[in-house]
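K.L.:
Top line first, the protein sequences correspond to chains Y and Z.
If you're matching positions, the first sequence starts at 1 in this note's numbering and goes up one per residue.
If you're matching positions, the second sequence starts at 1 in this note's numbering and goes up one per residue.
Below: one structure in structure tokens.
There are 2 protein chains.
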Amino acid sequence: MSSIEDKFKALATDNAPGQEVRQTTGNIGNLMIGDILPGTAVDFSHGDVDAFTPTPGSMEAFLEAVEIGGSQAYTEYRGSADIRDELATRLGDFTGSAISGQDEMILTPGTQSALFLSVAATVSTGDKVAIVQPDYFANRKLVQFFGGEIYPVSIEYQNDVPGAGLDLSKLKAAFEAGVRVFLFSNPNNPTGVVYSAEEIRTIADLAREFGVTVIADQLYSRLRYEGATYTHMRATELPDSQVVTIMGPSKTESLSGYRLGVAFGSPAVIERMEKLQAIVSLRAPGYNQAVLRTWFNEPEGWMDERIVQHQAIRDELVQTFRGAGMKVRIPQAGSYLFPGLPKLRVNLQDFVRLLRHQANVTVTPGTEFGPHASNIRLNFSQDHKAAVAAGVRIVEMAKRYAA
Amino acid sequence: MSSIEDKFKALATDNAPGQEVRQTTGNIGNLMIGDILPGTAVDFSHGDVDAFTPTPGSMEAFLEAVEIGGSQAYTEYRGSADIRDELATRLGDFTGSAISGQDEMILTPGTQSALFLSVAATVSTGDKVAIVQPDYFANRKLVQFFGGEIYPVSIEYQNDVPGAGLDLSKLKAAFEAGVRVFLFSNPNNPTGVVYSAEEIRTIADLAREFGVTVIADQLYSRLRYEGATYTHMRATELPDSQVVTIMGPSKTESLSGYRLGVAFGSPAVIERMEKLQAIVSLRAPGYNQAVLRTWFNEPEGWMDERIVQHQAIRDELVQTFRGAGMKVRIPQAGSYLFPGLPKLRVNLQDFVRLLRHQANVTVTPGTEFGPHASNIRLNFSQDHKAAVAAGVRIVEMAKRYAA
Chain Y
1 MSSIEDKFKA LATDNAPGQE VRQTTGNIGN LMIGDILPGT AVDFSHGDVD AFTPTPGSME
61 AFLEAVEIGG SQAYTEYRGS ADIRDELATR LGDFTGSAIS GQDEMILTPG TQSALFLSVA
121 ATVSTGDKVA IVQPDYFANR KLVQFFGGEI YPVSIEYQND VPGAGLDLSK LKAAFEAGVR
181 VFLFSNPNNP TGVVYSAEEI RTIADLAREF GVTVIADQLY SRLRYEGATY THMRATELPD
241 SQVVTIMGPS KTESLSGYRL GVAFGSPAVI ERMEKLQAIV SLRAPGYNQA VLRTWFNEPE
301 GWMDERIVQH QAIRDELVQT FRGAGMKVRI PQAGSYLFPG LPKLRVNLQD FVRLLRHQAN
361 VTVTPGTEFG PHASNIRLNF SQDHKAAVAA GVRIVEMAKR YAA
Chain Z
1 MSSIEDKFKA LATDNAPGQE VRQTTGNIGN LMIGDILPGT AVDFSHGDVD AFTPTPGSME
61 AFLEAVEIGG SQAYTEYRGS ADIRDELATR LGDFTGSAIS GQDEMILTPG TQSALFLSVA
121 ATVSTGDKVA IVQPDYFANR KLVQFFGGEI YPVSIEYQND VPGAGLDLSK LKAAFEAGVR
181 VFLFSNPNNP TGVVYSAEEI RTIADLAREF GVTVIADQLY SRLRYEGATY THMRATELPD
241 SQVVTIMGPS KTESLSGYRL GVAFGSPAVI ERMEKLQAIV SLRAPGYNQA VLRTWFNEPE
301 GWMDERIVQH QAIRDELVQT FRGAGMKVRI PQAGSYLFPG LPKLRVNLQD FVRLLRHQAN
361 VTVTPGTEFG PHASNIRLNF SQDHKAAVAA GVRIVEMAKR YAA
């Protein structure tokens with residue numbers, strides 16, 4: 001069973017966001033410089049759904065579904081037909097390209113599941129897969145789990161440049177080398193940068209030329225800041241059969257507690273994903289699916305307000321880090337920041353543990369997203385004041401532990 | 001990509017329970033003998049949660065979790081620590097062998113997910129796996145998906161015998177041939193038969209002798225009828241490291257709409273399952289997890305009453321089928337029946353479609369559970385009167401289409 005042991009070694013979750021409670025403190029006291037930095041605990045590993053509360057009406061939609069009973073508890077594996085139809089119309093409008101709710105969409109228990117199913121449906125042992133660095137930590141793990149071979153392509157994560165700063169010549173070289181699938185998040189997780197129209201067009205052109213399937217994780221594509229323009233992968237000239245789009249109401253809408261995701265793409269790939277969902281989880285929880293009725297259907301002005309509030313937190317945190325000489329790109333969408341740390345006298349893993357134990361701040365190490373041992377990721381969807389105060393503590397800690 | 005196409009061909013869901021709405025009617029009219037048989041629609045493909053309603057207090061437990069907010073929305077991947085602790089105590093009592101909530105248990109989005117994760121954590125390409133025929137349809141598909149090689153072992157599905165009637169000499173031969181994992185449901189799905197204490201002891205002895213890991217899907221093990229005795233796999237002499245037990249509150253408790261499952265076993269295997277869950281679905285929906293607080297914690301007498309009601313439906317349906325000369329074992333637990341049909345002049349797939357279109361009755365073809373083209377599966381957790389009337393229509397249809 002050594003091959004299966006190796007397979008699971010590659011899936012290490014010890015430093016994954018949300019798992020910090022399972023870490024032992026170990027001898028962290030020996031490393032500590034200076035006193036405890038007091039302040040309200042802030043867990044930047046995920047958004048705070050108490051600070052930004054779930055969409056109005058979401059709980060009521062759930063309760064209605066419980067009242068409806070059987071027909072809502074047992075839906076098709078791909079999800080309730082009428083909810084898919086509703087969503088397909090709204091998401092077709094949003095992405096600028098029509099979707100058939102019947103054949104081109106699947107509801108999943110969380111966006112993570114949509115990602116898992118889409119990789120499983122397109123990547124087989126030995127397939128070459130291009131992924132971005134830095135990018136969402138599960139992308140790499142998923143490709144490894146299905147036996148794919150990774151071709152990393154970098155984006156610019158430290159300096160403000162137009163678009164994501166994707167290394168297009170490297171991407172082309174990867175496609176020429178036989179890559180079958182390109183998987184990326186847009187806006188990028190962990191940097192919040194958005195790919196430019198030109199970058200998306202070039203990806204589409206290359207994918208068409210080389211017959212590459214593109215999986216576009218667009219989880220945060222609604223939460224866009226002033227001046228950001230967004231191009232949907234599926235609204236390009238790339239044939240529908242070569243694009244899978246993933247979205248979900250978990251983050252921006254603070255609906256993570258319901259675990260809902262959606263994928264849309266060609267009927268063939270959606271059918272594969274449904275077949276697999278039948279043995280992975282059967283379906284997104286029936287009652288939870290009804291919460292999607294509130295999605296892209298929020299009260300007038302609600303999303304605009306949420307964007308303004310996030311932009312204010314973003315700006316103050318960027319100022320705090322840059323003021324201390326730390327490099328950080330300004331996120332154009334979403335609620336992630338990926339600041340760089342100065343050279344430290346402890347390793348990144350220990351610094352992250354020290355932050356938690358000494359400064360009451362939880363962040364995710366950059367190594368979860370690629371070979372980025374000098375960066376940390378923050379989800380700044382938090383109480384504004386507490387987040388900024390925690391940012392100040394991160395700066396102070398970086399000074400204390402600077403080499 | 002031909003290997004991935006083959007992989008998904010093996011996952012066909014066209015005849016899977018719950019997917020009937022996606023079947024086209026085709027030329028079913030040409031095959032029809034006689035008129036429509038009128039009657040209330042009964043969908044035996046799953047239990048009717050309107051006839052047997054969810055556990056009292058389940059919705060309230062969910063709502064409380066929404067009120068709690070963030071800490072309940074984002075739990076560890078393996079689920080909320082305090083809910084695991086609570087459950088571990090109650091499930092330890094139930095199974096007769098203590099469980100550590102901290103290290104030996106994972107909450108999953110549905111029992112299906114627990115099954116997926118446990119097979120993924122133990123079966124690798126080329127591994128030999130013994131499964132039972134007939135048994136839950138996903139067992140075979142899961143083993144195939146992970147590249148395992150199947151060794152089928154039969155149970156007695158037509159005649160009442162003591163225990164399940166497992167072919168123990170075949171099981172031993174499979175273990176001798178190098179089987180690494182044995183996967184089975186107890187009570188058996190689709191027959192409802194329960195393995196005897198002797199059968200469980202023999203499985204444990206053989207597994208210990210040959211170092212085989214046993215995955216015991218005990219989904220229905222609470223809903224036991226008069227006279228049934230039940231032996232938990234993990235309460236045998238088999239070392240903990242060789243047993244994974246799967247349960248869930250979805251069926252007996254009519255909580256399917258919440259999609260909750262649980263697996264318990266050795267810390268090593270639970271850790272693997274959690275690592276994989278991190279890329280498959282992250283976690284069981286946070287709010288939904290709270291519904292588990294009502295599990296094995298129901299009002300006094302509630303479960304006894306539910307058992308009595310199911311037993312009454314079981315008895316009347318068995319009588320109906322046997323009265324028409326159809327073979328069927330008497331289920332000792334759960335709510336499945338697996339009656340055999342007479343030789344028909346149409347194939348089983350068409351008969352099942354005819355049942356739906358002509359008699360308003362949905363059943364699952366026996367071929368989903370093994371090479372059982374003369375049987376159909378019914379989940380009789382339904383309105384009593386409607387279920388019995390639908391049983392009578394099945395008998396009438398079987399007569400009409402008898403060869």
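Using N, Cα and C, we set each Cβ at its ideal position, and we do this for glycine too.
Going by DSSP, name the residue or residues bridged to A402 of chain Y.
P.N.:
For A402 of chain Y, which the question treats as bridged, DSSP gives the partners Y:L344.
K.L.:
Can you list, in chain order, the stretches of the beta strand (DSSP E) that have 3 or more residues and sit fully within the segment 318 to 387 of chain Z?
P.N.:
Correct list: 376 to 379.
K.L.:
So with Cβ pairs under 7 Å, would you call Y74 of chain Y a contact of chain Z?
P.N.:
So yes, Y74 of chain Y belongs to the interface.
K.L.:
For Q289 of chain Y, which option in Y:G301, Y:D48, Y:E60, Y:N15 has the closest C-alpha, if you only look at C-alpha atoms?
P.N.:
With distances taken between Cα atoms, Q289 of chain Y lies closest to Y:E60.
K.L.:
Suppose you measure from the CA of T191 of chain Y to the CA of G70 of chain Z; what does that come to, to the nearest Å?
P.N.:
Between T191 of chain Y and G70 of chain Z, the C-alpha separation is close to 24 Å.
K.L.:
Report the three-state DSSP secondary structure of E156 of chain Z (helix, strand or coil).
P.N.:
DSSP places E156 of chain Z in coil when its eight states are reduced to three.
K.L.:
Name the chain Z residues that come within less than 8 Å of K435 of chain Y, Cβ to Cβ?
P.N.:
Residue 435 of chain Y is absent from the model: chain Y starts at 1 and stops at 403.
K.L.:
Mapping the DSSP letters down to three states, classify A216 of chain Y as helix, strand or coil.
P.N.:
Strand.
K.L.:
Could you tell me which of Y:E104, Y:V193, Y:V308, Y:P109 sits nearest to V243 of chain Y, measuring between CA atoms?
P.N.:
That would be Y:E104, whose Cα lies nearest to the Cα of V243 of chain Y.
K.L.:
Hey, out of Z:E271, Z:G163, Z:A228, Z:K343, whose CA is closest to T122 of chain Z's CA?
P.N.:
Selected option, being the one with the closest Cα: Z:E271.
K.L.:
Suppose you measure from the CA of Y287 of chain Y to the CA of E198 of chain Y; what does that come to, to the nearest Å?
P.N.:
Looking at the two C-alpha atoms, the distance is approximately 41 Å.
K.L.:
Could you check whether G18 of chain Z and A389 of chain Z sit closer than 7 Å to each other, using their CB atoms as the reference points?
P.N.:
No, these two residues do not count as a Cβ contact at 7 Å.
K.L.:
Determine the DSSP secondary structure at I106 of chain Z, reduced to helix, strand or coil.
P.N.:
Looking at I106 of chain Z - three-state DSSP - the assignment turns out to be strand.
K.L.:
In its own chain, which residues sit with a C-beta less than 6 Å from the C-beta of F52 of chain Z, not counting the 5 before and 5 after it?
P.N.:
S254, S381.
K.L.:
To which residues of the same chain is E176 of chain Y closer than 8 Å at the C-beta, ignoring the five residues directly before and after it?
P.N.:
Closer than 8 Å at Cβ, skipping near neighbours: F210.
K.L.:
Between Y195 of chain Y and F338 of chain Y, how many whole angstroms is the CB-CB distance? I'm expecting something under 8 Å.
P.N.:
At roughly 16 Å, the Cβ-Cβ gap does not stay under 8 Å, so Y195 of chain Y and F338 of chain Y are not in contact.
K.L.:
Output yes if chain Y places a C-beta closer than 7 Å to the C-beta of P134 of chain Z; else output no.
P.N.:
False, the Cβ-Cβ gap to chain Y never drops below 7 Å.
K.L.:
Along the chain, where does the alpha helix (DSSP H) containing K170 of chain Z start, and where does it finish?
P.N.:
168 to 176 is the extent of the alpha helix (DSSP H) around K170 of chain Z.
K.L.:
Kindly give me the distance between the Cβ atoms of A333 of chain Z and R224 of chain Z, rounded to whole angstroms, as I take these residues to be in contact under 8 Å.
P.N.:
Sure, about 4 Å apart at Cβ, within 8 Å.
K.L.:
Rounded to the nearest angstrom, what separates D383 of chain Y and F44 of chain Y at their Cα positions?
P.N.:
One C-alpha to the other measures close to 11 Å.
K.L.:
Which of the three DSSP states, helix, strand or coil, is assigned to V280 of chain Z?
P.N.:
Here V280 of chain Z sits in helix by DSSP.
K.L.:
May I have the straight-line CA-CA distance separating P365 of chain Y from I215 of chain Z, to the nearest angstrom?
P.N.:
Rounded to the nearest angstrom, the two C-alpha atoms are 36 Å apart.
K.L.:
Give the single residue among Y:V308, Y:I33, Y:R306, Y:G110 whose Cα lies nearest to the Cα of I279 of chain Z.
P.N.:
It is Y:G110.
K.L.:
Answer with yes or no whether the minimum CB distance from L87 of chain Y to chain Z is below 7 Å.
P.N.:
False, the Cβ-Cβ gap to chain Z never drops below 7 Å.
K.L.:
According to DSSP, simplified to helix, strand and coil, what is Y151 of chain Z?
P.N.:
Note: Y151 of chain Z maps to strand in three-state DSSP.
K.L.:
Does the CB of Y287 of chain Y have a neighbour CB from chain Z at under 7 Å?
P.N.:
At least one chain Z Cβ lies under 7 Å of Y287 of chain Y.
K.L.:
Output needed for E368 of chain Y: all residues of its chain with C-beta closer than 7 Å, excluding positions within five of it in sequence on either side, in chain order.
P.N.:
Once the five neighbours on either side are set aside, the close Cβ partners of E368 of chain Y are N15, A16, F137.
K.L.:
Are any of the Cβ atoms in chain Z nearer than 7 Å to that of H46 of chain Y?
P.N.:
Chain Z, which has a Cβ nearer than 7 Å to the Cβ of H46 of chain Y, makes this yes.
K.L.:
When burial is assigned at 16 or more other CB atoms within 10 Å of the CB, is W295 of chain Z buried or exposed?
P.N.:
The residue is buried, with at least 16 neighbouring Cβ atoms inside 10 Å.
K.L.:
Is there at least one Cβ from chain Y nearer than 7 Å to Q102 of chain Z's Cβ?
P.N.:
Chain Y, which has no Cβ nearer than 7 Å to the Cβ of Q102 of chain Z, makes this no.
K.L.:
Please list the residues of the segment 368 to 392 of chain Z that have a C-beta atom closer than 8 Å to any C-beta atom in chain Y, keeping them in chain order.
P.N.:
Listed in sequence order: no entries.
K.L.:
If you run the structure through DSSP and keep just helix, strand and coil, what is M397 of chain Y?
P.N.:
In this structure, M397 of chain Y counts as helix in the three-state DSSP scheme.
K.L.:
Note down the Cα distance separating M1 of chain Z from P239 of chain Y, rounded to an integer number of angstroms.
P.N.:
Model confidence at M1 of chain Z stands at a pLDDT of 40, short of 50, so the residue's coordinates are unreliable and nothing is read from them.
K.L.:
My assumption, with CB atoms under 8 Å, is that I150 of chain Z sits in contact with G165 of chain Z. Please give the rounded CB distance.
P.N.:
I150 of chain Z to G165 of chain Z, Cβ: 20 Å. No contact.
K.L.:
Note down the Cα distance separating P404 of chain Y from Y258 of chain Y, rounded to an integer number of angstroms.
P.N.:
Coverage of chain Y is limited to positions 1 through 403, which leaves residue 404 of chain Y absent and any answer about it impossible.
K.L.:
Does S113 of chain Y have its Cβ less than 7 Å from a Cβ in chain Z?
P.N.:
At least one chain Z Cβ lies under 7 Å of S113 of chain Y.
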